[in-house]
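The opening residue of the sequence shown carries number 4 in the working numbering; numbering runs sequentially from there.
By construction, the Cβ of each residue, glycine as well, lies at the ideal position given by its N, Cα and C atoms.
No experiment lies behind these values; they were computed from the predicted model shown.
Have a look at the structure below before the remarks.
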Amino acid sequence: MTANPAPAQNFCAARAEMVKSLADKFKENPTAVGQIDGSAVIEVFVSEKGSWTILATDTNGQSCVVSAGEGFEFNVAALGEGA
């Protein structure tokens, strides 16, 4: 039996609760973060098996699942001069 990624539905909860749930249920950990116009933060959580979840967290600490799926792959882009 394998764990399925978090459902991509309008599911929201306190960030701490969401992070714990993603780690406990899906073995997903934060791997990337970015700011959305100062009003929210977007985070990508990924498991070693490739399941992934994207969370958006507002300034009050409320997180919502934006999307989720399977088959996540890391592509390392060249940075800097000549990239």
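Practice item. Write down the C-beta distance between R18 and T60 rounded to the nearest angstrom, noting that I regard them as a contact closer than 8 Å. Key: Working through the sequence shown from its first residue, we reach residue 18 at position 15. Working through the sequence shown from its first residue, we reach residue 60 at position 57. So it is a contact: roughly 5 Å between Cβ atoms.
Exercise for review: Can you have a look at L58 and say buried or exposed, based on whether 16 or more other CB atoms are within 10 angstroms of its CB?
Suggested key: For the purposes of this step, residue 58 is taken as residue 55 along the sequence shown, with counting starting at 1. Answer is buried; the Cβ neighbour count reaches 16.
Point to revise | T5 versus L82 - alpha carbon distance | key: In the sequence shown, the residue the question calls residue 5 occupies position 2. In the sequence shown, the residue the question calls residue 82 occupies position 79. Because the pLDDT of T5 is 46, which lies under 50, any placement of that residue in the model is unreliable, and the question is left without a value.
Exercise for review: List in chain order: all unbroken beta strand (DSSP E) runs of 3+ residues lying wholly within the segment 50-77.
Suggested key: 55-61 and 65-72
Check your understanding: So K28 packs on E51, CB below 8 Å; how close in whole Å?
Key -> Taking the sequence shown and counting its residues from 1, the one referred to as residue 28 is at position 25. Taking the sequence shown and counting its residues from 1, the one referred to as residue 51 is at position 48. No, K28 and E51 are not in contact; Cβ-Cβ is about 14 Å, not under 8 Å.
Review point. A26 by DSSP, collapsed to three states: which one?
Key: Against the sequence shown, residue 26 aligns to sequence position 23. Helix, per DSSP.
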